[in-house]
Ligand SMILES: Cc1cc2nc3c(=O)[nH]c(=O)nc-3n(C[C@H](O)[C@H](O)[C@H](O)COP(=O)(O)O)c2cc1C
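Numbering (the UniProt record's numbering), first residue to last: 1 to 195.
Printed below as a string of structure tokens:
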């Protein structure tokens with residue numbers, strides 16, 4: 001069976017959603033199925049395109065990639081609130097030993113992308129997930145003049161520009177592939193409870 005990878009994101013203006021789509025492309029190219037899911041923020045309409053993720057969908061997945069806009073150097077509260085609904089998943093260890101990765105969109109350089117990426121990894125580590133970054137052997141990480149980092153995929157949106165640069169796109173595709181290959185490789189050990 002093809003690895004089922006959840007791409008969970010929140011996006012108000014579309015930049016983070018563009019990264020989610022590039023990551024989904026990488027997942028598909030690596031032989032997996034990308035399940036694009038979102039969360040609704042209080043006072044905002046639900047996504048017209050992707051379903052809202054419910055915690056009970058986490059158990060069957062083989063990996064998860066999570067993305068958020070930068071919100072004062074941190075992830076959006078809608079995503080934090082989602083993780084606060086996952087205690088039963090955590091108690092059963094349903095994400096333990098599965099690969100994960102993170103991505104973000106922020107309006108300018110040096111204004112919180114790295115702190116947001118690192119903060120998003122924290123709940124995933126609490127769930128026992130195996131966090132993947134993007135290695136420096138990926139040319140886009142070496143060459144980018146905007147987003148893309150060893151901590152995860154990213155986009156610099158400057159005045160709400162949602163179009164990804166070529167390097168941002170390539171880094172996001174590479175991250176989707178890496179999580180999918182990791183899910184394929186880890187699944188036997190994960191199912192035996194060795195991770
Ligand atoms: C409340 C708020 C706080 C924000 N804080 C930051 C920030 O700390 N650093 C930054 O680069 N952008 C910040 N932004 C801008 C968004 O992160 C940026 O526009 C992002 O690309 C939006 O992603 P989206 O297109 O997926 O909605 C903030 C935006 C809002 C509304």
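Here a beta-carbon is modelled for each residue, glycine too, at the ideal position from N, C-alpha and C. None of the values given here were measured: they were computed from a predicted structure.
By the C-beta criterion, the stretch 52-70 is judged to be in contact with the stretch 31-44, since at least 3 inter-stretch pairs fall below 8 Å.
By the CB criterion at 7 Å, residue 78 and residue 9 fall outside the cutoff. Per DSSP, residue 146 lies in no beta strand (DSSP E) segment and is marked neither H nor E.
Per the coordinates, the alpha-carbon of residue 112 lies some 24 Å from the alpha-carbon of residue 179. DSSP places residue 103 in the strand class (E or B) of the three-state scheme. Contact annotation: the stretch 95-104 does not touch the stretch 49-57, with fewer than three C-beta pairs closer than 8 Å. The C-beta separation of residue 117 from residue 152 comes to about 4 Å, placing the pair in contact by the 8 Å criterion.
Beta-bridge annotation (DSSP): residue 36 is paired with 7. Residue side-chain check: residue 179 keeps its Cβ at 6 Å or more from all non-hydrogen atoms of ligand 1.
In the three-state reduction of the DSSP assignment, residue 152 falls in the strand class. Straight across, the Cα-Cα distance linking residue 134 with residue 184 is about 18 Å.
Listed in chain order, the non-local C-beta contacts of residue 14 below 7 Å within the same chain comprise 162, local neighbours out to five positions each way being set aside.
Rounded to whole angstroms, residue 26 and residue 80 show a C-alpha spacing of 25 Å.
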